[in-house]
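Colleague:
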Amino acid sequence: AARVAPMTSSSVAKGALWREHMATHDAMVADMRAKGIPDVPWSSSKRLQSALAVHMIYTSWVLSPILTALAMIFVPKCRVYVFAYLFASAVLKIRMPVNALHRYFCWLSAGETNGWALVFDNGEGKGHECELDCEKNTYLFASHPHGLFTAGVVNNLILSESALAKVRAPLVRFFINEFLITVFPLIKDALSSLGFVACTAKNMKHYLSKGESGCIVVGGVKEVVLTGNIDVEELYLRNAYGFVKVAIQSGASLVPVYTFGESLATGPDYVPFRELRKKLTYKFDFPFRSLDLIHRWGLCFPRGKLTTVIGAPIKVEKNENPTREEVKALHAKYCDTLLALIERNKVAAGYPTQVTRLV
Numbered sequence: 019a020a021r022v023a024p025m026t027s028s029s030v031a032k033g034a035l036w037r038e039h040m041a042t043h044d045a046m047v048a049d050m051r052a053k054g055i056p057d058v059p060w061s062s063s064k065r066l067q068s069a070l071a072v073h074m075i076y077t078s079w080v081l082s083p084i085l086t087a088l089a090m091i092f093v094p095k096c097r098v099y100v101f102a103y104l105f106a107s108a109v110l111k112i113r114m115p116v117n118a119l120h121r122y123f124c125w126l127s128a129g130e131t132n133g134w135a136l137v138f139d140n141g142e143g144k145g146h147e148c149e150l151d152c153e154k155n156t157y158l159f160a161s162h163p164h165g166l167f168t169a170g171v172v173n174n175l176i177l178s179e180s181a182l183a184k185v186r187a188p189l190v191r192f193f194i195n196e197f198l199i200t201v202f203p204l205i206k207d208a209l210s211s212l213g214f215v216a217c218t219a220k221n222m223k224h225y226l227s228k229g230e231s232g233c234i235v236v237g238g239v240k241e242v243v244l245t246g247n248i249d250v251e252e253l254y255l256r257n258a259y260g261f262v263k264v265a266i267q268s269g270a271s272l273v274p275v276y277t278f279g280e281s282l283a284t285g286p287d288y289v290p291f292r293e294l295r296k297k298l299t300y301k302f303d304f305p306f307r308s309l310d311l312i313h314r315w316g317l318c319f320p321r322g323k324l325t326t327v328i329g330a331p332i333k334v335e336k337n338e339n340p341t342r343e344e345v346k347a348l349h350a351k352y353c354d355t356l357l358a359l360i361e362r363n364k365v366a367a368g369y370p371t372q373v374t375r376l377v
């Protein structure tokens, strides 16, 4: 079984992750230049559209609630419309269906278009050809880490035309924070159009039981505060059992997914009182950390090469009422499989000294 390297001064060099992250960024830029692609978003129409699309989506997550609050405070006439909008969403459960916006974002394939990478790993010595088939099987992709925006798995898999073709899926549902997909005006409608749905156990079982594969970022809000660590990669997974239980109850195979570079794609977190902020985040389920919306080219676009590695599926026997011991056993197997996946691929991804710790 894969285990984490001991946390010693010799095994964790100060700032090693950040140096390696910037080195992968520079290598990606050099590689694209060698292909005649300059490091500017307007090097092609498609690339410019992809950069602006990502920028708009990520900034809207932050600006939507702020602008809504300001409108309700300073424009009283807006209040009735906002309340009606929220009532239709939260109470009547009215959602935007998946539409042409999903096809457009998949065509943009923002990850591939901007030099990122998607890798399939079938296990030690078993090759890198994609063996996943969403037409024949149902998968629960479990992604790590969260970062600020979960940009890697979204743009390398969920909203990538070529990636969806490889896994033989017209759509992979993305289970996200219920508050985000239910309350925030406009952005929630855009996310619904992309096939994103609320991350609740009921919702997950509903879609997985229908044979629709889905993806969950296991660490959720609690992992956001771990983002930006320049020394060691921390994943909130040790006590995260819910996704494992849902997989057993629905019979969906668990697929470990890890994105190298995600944690530092929005820069280091130099804000002090890290341990205190972690405790507050775990207690209130709200990320107490800095937020920077400008990263690459003056846009809210992740910096660095994000390499998303998708592991081999862990077959799960369906059981609607699993015992605690059964859930713990599968959870332990999943953790070892994920850590082994990271160790096998970290050198090729450009992070040879990375130490990964489950918290």
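Numbering-wise (our numbering), the sequence shown opens with residue 19 and increments by one. Glycine included, C-beta positions come from ideal geometry on N, C-alpha and C.
(1) In its own chain, which residues sit with a C-beta less than 8 Å from the C-beta of H313, not counting the 5 before and 5 after it?
(2) One question on the structure: do L119 and S210 come within less than 7 Å of each other, judged by their Cβ atoms?
(3) Assuming L158 contacts L204 under a Cβ cut-off of 8 Å, what Cβ separation, rounded to an integer in Å, is found between them?
(4) Which value, in whole angstroms, describes the spacing of the CA atoms of I248 and T42?
(5) Tell me the rounded alpha-carbon separation between E335 and I266.
(6) Excluding sequence positions up to five away, which residues of its chain have a Cβ less than 8 Å from the Cβ of V377?
(7) Just to confirm the assignment: which complete alpha helix (DSSP H) runs, minimum length 4, are found wholly within the segment 167 to 230?
(8) Please return the same chain residues whose Cβ sits closer than 7 Å to the Cβ of T355, not counting the five positions on each side in sequence.
(9) Output the boundary residues of the beta strand (DSSP E) element that contains G232.
(10) Cα-Cα, which of K351, S78, F291, N174 is closest to T326?
(11) Between which two residues does the alpha helix (DSSP H) carrying P83 extend?
(12) Let me check one thing: in DSSP terms, what residues is T325 bridge-paired to?
(13) Report the rounded CA-to-CA distance for I360 versus R292, giving the unit in angstroms.
(14) May I ask you to list the residues that DSSP assigns as paired with H162?
(15) Buried or exposed for T86, going by 16 or more other Cβ atoms inside 10 Å?
(16) Keeping to the same chain, check which residues put their C-beta closer than 7 Å to that of C2; ignore five residues upstream and five downstream.
(17) I'd like the span of the alpha helix (DSSP H) that includes E241, first residue to last.
(18) What is the DSSP secondary structure of L294, counted as helix, strand or coil?
(19) Can you give the Cα-Cα distance for F202 and L81, rounded to whole angstroms?
(20) Do V171 and A128 count as a contact pair if the criterion is CB distance below 7 Å?
(21) Below 8 Å on the Cβ atoms is my guess for E179 versus W125; work out the distance and round it to an integer in Å.
(22) Take every Cβ of the segment 185 to 197, pair it with every Cβ of the segment 149 to 168, and state whether three or more of those distances are shorter than 8 Å.
(23) Does the Cβ-Cβ distance between G279 and E38 come in under 7 Å?
Modeller: Reading off the structure:
(1) Non-local beta-carbon contacts of H313 in its own chain, meaning distances under 8 Å to residues more than five positions away in sequence, involve A283, T284, G285, F319, P320, R321 in chain order.
(2) Remark: C-beta atoms of L119 and S210 do not approach each other more closely than 7 Å.
(3) With a Cβ gap of about 29 Å, L158 and L204 do not count as contacting.
(4) Rounded to the nearest whole angstrom, the CA to CA distance from I248 to T42 is 14 Å.
(5) Answer to the nearest angstrom: the Cα atoms are 6 Å apart.
(6) Contacts found: L244, E252, L253, Y254, L255, R256.
(7) Listed in chain order, they are 179 to 184, 196 to 200, 205 to 211, 219 to 227.
(8) Beyond the five residues adjoining it in sequence on each side, T355 comes within less than 7 Å, by CB distance, of P274, G329, I332 in the same chain, given in chain order.
(9) In the DSSP assignment, G232 falls within the unbroken beta strand (DSSP E) covering 232 to 235.
(10) Closest by alpha carbon: N174.
(11) From DSSP, the alpha helix (DSSP H) with P83 extends over 63 to 92.
(12) In the DSSP assignment, T325 is bridged to A135, F278.
(13) Distance between the alpha carbons of I360 and R292 is about 25 Å.
(14) Answer is Y276, bridged to H162.
(15) Burial call: buried.
(16) Any property of residue 2 remains undetermined from this structure, which presents the chain solely from 19 to 377.
(17) Where E241 is concerned, the enclosing alpha helix (DSSP H) stretches over 238 to 242.
(18) It is helical.
(19) So the two alpha carbons sit approximately 9 Å from each other.
(20) Not a contact, by the Cβ cut-off of 7 Å.
(21) Indeed, because the Cβ distance is near 6 Å, the residues count as touching under 8 Å.
(22) Yes, the segment 185 to 197 is in contact with the segment 149 to 168.
(23) Result no, Cβ atoms of G279 and E38 do not sit closer than 7 Å.
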